[in-house]
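Numbering (UniProt numbering), first residue to last: 1 to 691.
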């Protein structure tokens, strides 16, 4: 079910307000107003309260909270957004019950797009970190006209801090339980009157919270991440601005998360790993050389080496006479490139007597993925090559029908060409011509109240099921489309001290791509699981998303979110017929407060929770409902602060991934539910120095 998102005003905003004592005496309420929040991932930058869509913006104040390093640490604050792990991080995302949950031998075309500083990270989200991030935007529902095939369910856009006009920087050190150590730093400012820079780096280390009893080790599920980002902003001329970004990630995490008794104690003799090395570059040129339009050209390239491997049996030889021993390892070479050439109207070129703003452009997408799989039961390595090329044309019109009523029309047409071949002799080159878009009506009742109605259509390309043991008719699956019908309201109340958002939606998926498996048992009692996608007859979802931010006083701000969601999958005789979609809890919520205690002291409390949900569409294993409590207490003076923090204070056991099969030789390999547990109670301290 839907939930609310926090838009916590920054400490800088409160400090500026507090610096206006004369004005405060005249009207104390004006001191406590919320700062406008900008949404930058649309065609035109606009405030959150004026955006005709269900959007969550997680701002810098929220991202600066201690021990916040990855998307998995903040997405609970966005309603109807879930994630699954099955790896060292929660790196597969679902919006309104739509999205992938894992990747093994097959190629995944993500339903949820993930973009970091203009770089498409959808296929390598372990690298989608929050290094020096200033804002995370979550757009729910299909983004067919904006982003195309990689945003069927929605889009997550991460923006890092930009170069500044004056020198500034910070250094932060976190120490916590489980030998957690995190050191990050950022520095930026002007090089000269035309060039600004910002450099940020982070080293993130932890032993993890898993103990391997067989190896007598407590670091087999460790975190080892090195991250670096460099940004430049260049005023190349009076008419041309350039933004350049370089990003590097070297991730060497362990993966030893599942145990036979669903605890944080494992028995693996060959613990796995989850590695990623990424180099990415992006650049954006904004040209203002003519009055008729602004020309934006965005280019990005990335290269990643990914390696994911695990102990299939989760045990060691000798545990039981029927024990088997197997490992599975996947190495992928991922390469990608995007180019977006966009024309944006100006006041001089607005259509229909200046009442219609327009945007149009062309987009190119390239991705290649080469796989080398080494599995105990394969006589030879399995290899595959995948290449996708897409070219799209898009446009959007925004017409002021009256002073209060605006009509928005967007359309995108995309041609997808795919090449696939593998060592099993499977080969194919399908083409898809797809389209998506949106029609929205936005009514501005007054400066504080906006209402909207929206119909949008998204799409996702078809693909291959990569397994020679599958029947021929199951080898391919068709493209999927999603229709979204949505109404919403956004209010600024109490003299702009309370901002609220509410959205009601209904979504219908045609040819919904449902992931399922079937299992067979080998003579040595090991199991083989054939994971494949096929098109269900239909699927739908409906629900509510509510968000609120209240600046109760100069010292206290409160946020809350609620998500309500009902999903159904339909296919006669299928195991999931009439059932809820996987990773689609019926409710999610988040509630929190930040309090300035005076004399430099501050504190905060956050609660997040969600209902039970199925882990997969092809079996009945499901999570338990849970709620997590987090708190912090700190002291800030001048340009430094120290914060004591605790997460999951009630030490709740909760699952972030789960399966159902037989894997315990001591029980005769009977079918059981197995889960990967999230982090237990954890305490730490964070010191931050700003200059």
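Think of the CB as a built atom: it goes at the ideal place given N, C-alpha and C, for glycine as much as any other residue.
The structure presented is a predicted model; accordingly, all values stated were derived computationally and were not measured.
### Span of the beta strand (DSSP E), counted from its first residue to its last, around residue 505
Counting from one through the chain shown, the residue named residue 505 turns up at place 505. Its beta strand (DSSP E) spans residues 498-510.
### Task
Identify which residue in 613, 622, 578, 552 has its Cα closest to the Cα of residue 596.
Taking the first residue of the chain shown as position 1, residue 596 is located at position 596. When each option's Cα is compared against that of residue 596, the closest is 552.
### Task
Return the bridge partner residues of residue 660 from the DSSP annotation.
The residue labelled residue 660 in the question sits at position 660 within the chain shown. Per DSSP, 673.
### Message
My assumption, with CB atoms under 8 angstroms, is that residue 620 sits in contact with residue 260. Please give the rounded CB distance.
### Response
Your numbering for residue 620 matches position 620 in the chain shown. Your numbering for residue 260 matches position 260 in the chain shown. Contact flag wrong, Cβ pair sits at about 20 angstroms.
### Query
Using the rule of at least 16 other Cβ atoms within 10 Å of the residue's Cβ for burial, across every protein chain shown, is residue 204 buried or exposed?
Taking the first residue of the chain shown as position 1, residue 204 is located at position 204. Result: buried.
### Query
Three-state secondary structure (DSSP) at residue 149?
Along the chain shown, read from residue 1 onward, the residue named residue 149 stands at position 149. Three-state DSSP puts residue 149 in a helix.
### Task
Alpha carbon to alpha carbon, how far is residue 90 from residue 309? Give it in angstroms, no decimals.
Position 309 of the chain shown, counted from the start, is the residue given in the question as residue 309. Position 90 of the chain shown, counted from the start, is the residue given in the question as residue 90. The straight-line gap from Cα to Cα measures roughly 16 angstroms.
### Query
Span of the beta strand (DSSP E) holding residue 232?
Numbered from its first residue, the chain shown carries residue 232 at position 232. 223-237 is the extent of the beta strand (DSSP E) around residue 232.
### Query
How big is the Cα-Cα spacing for residue 497 and residue 574?
Counting from one through the chain shown, the residue named residue 497 turns up at place 497. Counting from one through the chain shown, the residue named residue 574 turns up at place 574. Taking the straight line from one Cα to the other gives about 50 angstroms.
#### Entry: Distance, residue 428 Cα to residue 385 Cα
Locating residue 385 in the chain shown gives position 385, counting from the first residue. Locating residue 428 in the chain shown gives position 428, counting from the first residue. Using only the alpha carbons, I get a separation of about 11 angstroms.
### Query
When DSSP labels each residue in this structure, what does residue 349 get in the three-state scheme?
Residue numbering aside, residue 349 sits at position 349 when the chain shown is read from its first letter. Helix.
### Query
Just reading off the beta strand (DSSP E) that residue 307 is part of, what are its end residues?
Position 307 of the chain shown, counted from the start, is the residue given in the question as residue 307. Per DSSP, residue 307 belongs to the beta strand (DSSP E) from 293-311.
### Query
If you run the structure through DSSP and keep just helix, strand and coil, what is residue 354?
For the purposes of this step, residue 354 is identified with residue 354 of the chain shown, where counting begins at 1. If DSSP states are grouped into helix, strand and coil, residue 354 belongs with the helices.
### Query
In chain order, which continuous runs of the beta strand (DSSP E) of length 3 or greater are located wholly inside the region 378-435?
382-400, 405-422
### Query
Of all the alpha helix (DSSP H) runs that stay within the bounds of the region 37-64, which reach a length of 4 or more residues?
60-63
### Task
Find out if the Cβ-Cβ distance for the pair residue 55, residue 116 is shorter than 8 angstroms.
Sequence index remark: in the chain shown, residue 55 carries index 55 (1-based). Sequence index remark: in the chain shown, residue 116 carries index 116 (1-based). The answer is no: Cβ separation not under 8 angstroms.
### Message
Taking 8 angstroms as the threshold (C-beta atoms), are residue 435 and residue 413 in contact?
### Response
Taking the first residue of the chain shown as 1, we reach residue 413 at position 413. Taking the first residue of the chain shown as 1, we reach residue 435 at position 435. A contact, by the Cβ cut-off of 8 angstroms.
### Three-way DSSP call (helix, strand, coil) for residue 125 in this model
Against the chain shown, residue 125 aligns to sequence position 125. Three-state DSSP puts residue 125 in a helix.
### Message
My assumption, with CB atoms under 8 angstroms, is that residue 226 sits in contact with residue 250. Please give the rounded CB distance.
### Response
By one-based count along the chain shown, residue 226 stands at place 226. By one-based count along the chain shown, residue 250 stands at place 250. With a Cβ gap of about 4 angstroms, residue 226 and residue 250 count as contacting.
### Task
Could you name the residues that DSSP lists as bridge partners for residue 490?
Here residue 490 is taken as the residue at index 490 of the chain shown, counted from 1. BP columns for residue 490 point to 450, 501.
### Residue from 77, 364, 303, 583 with nearest C-alpha to residue 370
Here residue 370 refers to the residue found at position 370 of the chain shown. Among 77, 364, 303, 583, the Cα nearest to that of residue 370 belongs to 303.
### Query
Smallest Cα separation from residue 624: which of 410, 585, 607?
Walking along the chain shown from the start, residue 624 turns up at place 624. Checked all of 410, 585, 607; the closest Cα to residue 624 is 585.
### Message
Taking the alpha-carbon of residue 410 as reference, which of 173, 392, 416, 396 has the nearest alpha-carbon?
### Response
For the purposes of this step, residue 410 is taken as the residue at position 410 of the chain shown. Of the listed residues, the one whose Cα sits closest to residue 410 is 396.
### Inside the region 612-661 only - beta strand (DSSP E) runs reaching at least 3 residues
626-637, 640-647, 655-661
### Query
Of all the options 459, 106, 155, which has the alpha carbon lying nearest to the alpha carbon of residue 415?
For the purposes of this step, residue 415 is identified with residue 415 of the chain shown, where counting begins at 1. Taking only the C-alpha atoms, the option nearest residue 415 is 459.
### Spatial distance of residue 108 from residue 419 (CA atoms)
In the chain shown, the residue the question calls residue 108 occupies position 108. In the chain shown, the residue the question calls residue 419 occupies position 419. Rounded to whole angstroms, residue 108 to residue 419 spans 14 angstroms at the Cα level.
### Query
Assuming residue 224 contacts residue 252 under a Cβ cut-off of 8 angstroms, what Cβ separation, rounded to an integer in Å, is found between them?
Translated into the one-based positions of the chain shown, residue 224 becomes position 224. Translated into the one-based positions of the chain shown, residue 252 becomes position 252. Contact holds; Cβ gap of about 5 angstroms.
### Query
Count the other CB atoms within 10 Å of the CB of residue 29; is the residue buried (16 or more) or exposed (fewer)?
For the purposes of this step, residue 29 is taken as the residue at position 29 of the chain shown. For residue 29, the predicted structure reports a pLDDT of 41, less than 50, and the residue's modelled location is therefore unreliable. A value from the coordinates is still provided. By the 10 Å Cβ count, residue 29 comes out exposed.
### Task
Tell me whether residue 682 sits in a helix, a strand or coil according to DSSP, three-state version.
In the chain shown, the residue the question calls residue 682 occupies position 682. The answer is strand: DSSP assigns residue 682 an E or B state.
### Task
Determine the extent of the beta strand (DSSP E) in which residue 156 is found, giving its start and end residues.
For the purposes of this step, residue 156 is identified with residue 156 of the chain shown, where counting begins at 1. It spans 154-160 - the beta strand (DSSP E) in which residue 156 sits, taken as one unbroken run.
### Task
Please report how far the alpha carbon of residue 25 lies from the alpha carbon of residue 352, in whole angstroms.
Translated into positions along the chain shown, residue 25 becomes position 25. Translated into positions along the chain shown, residue 352 becomes position 352. For residue 25, the predicted structure reports a pLDDT of 36, less than 50, and the residue's modelled location is therefore unreliable. A value from the coordinates is still provided. About 47 angstroms.
### Message
Would residue 511 and residue 473 qualify as a contact pair, given that the criterion is a beta-carbon distance under 8 angstroms?
### Response
For this step, residue 511 is matched to residue 511 along the chain shown. For this step, residue 473 is matched to residue 473 along the chain shown. Going by C-beta atoms, residue 511 is not nearer than 8 angstroms to residue 473.
### Task
Mark residue 184 as exposed unless 16 or more other C-beta atoms lie within 10 angstroms of its C-beta, in which case mark it buried.
As a position in the chain shown, residue 184 is number 184, starting the count at 1. By the neighbour-count rule (16 or more Cβ atoms within 10 Å), residue 184 is buried.
### Query
In whole angstroms, what is the alpha-carbon distance linking residue 563 and residue 305?
As a working mapping, residue 563 is identified with position 563 in the chain shown. As a working mapping, residue 305 is identified with position 305 in the chain shown. Going by the C-alpha atoms only, they are around 36 angstroms apart.
### Message
Under DSSP, the beta strand (DSSP E) around residue 601 begins and ends at which residues?
### Response
As a first step, residue 601 must be located in the chain shown, where it is residue number 601. Start and end: 601-610.
### Task
Note down, in chain order, each residue of its chain lying with its Cβ closer than 7 angstroms to the Cβ of residue 688, except the 5 sequence neighbours on either side.
Taking the first residue of the chain shown as 1, we reach residue 688 at position 688. Result list for residue 688: 170, 172, 640, 641, in chain order.
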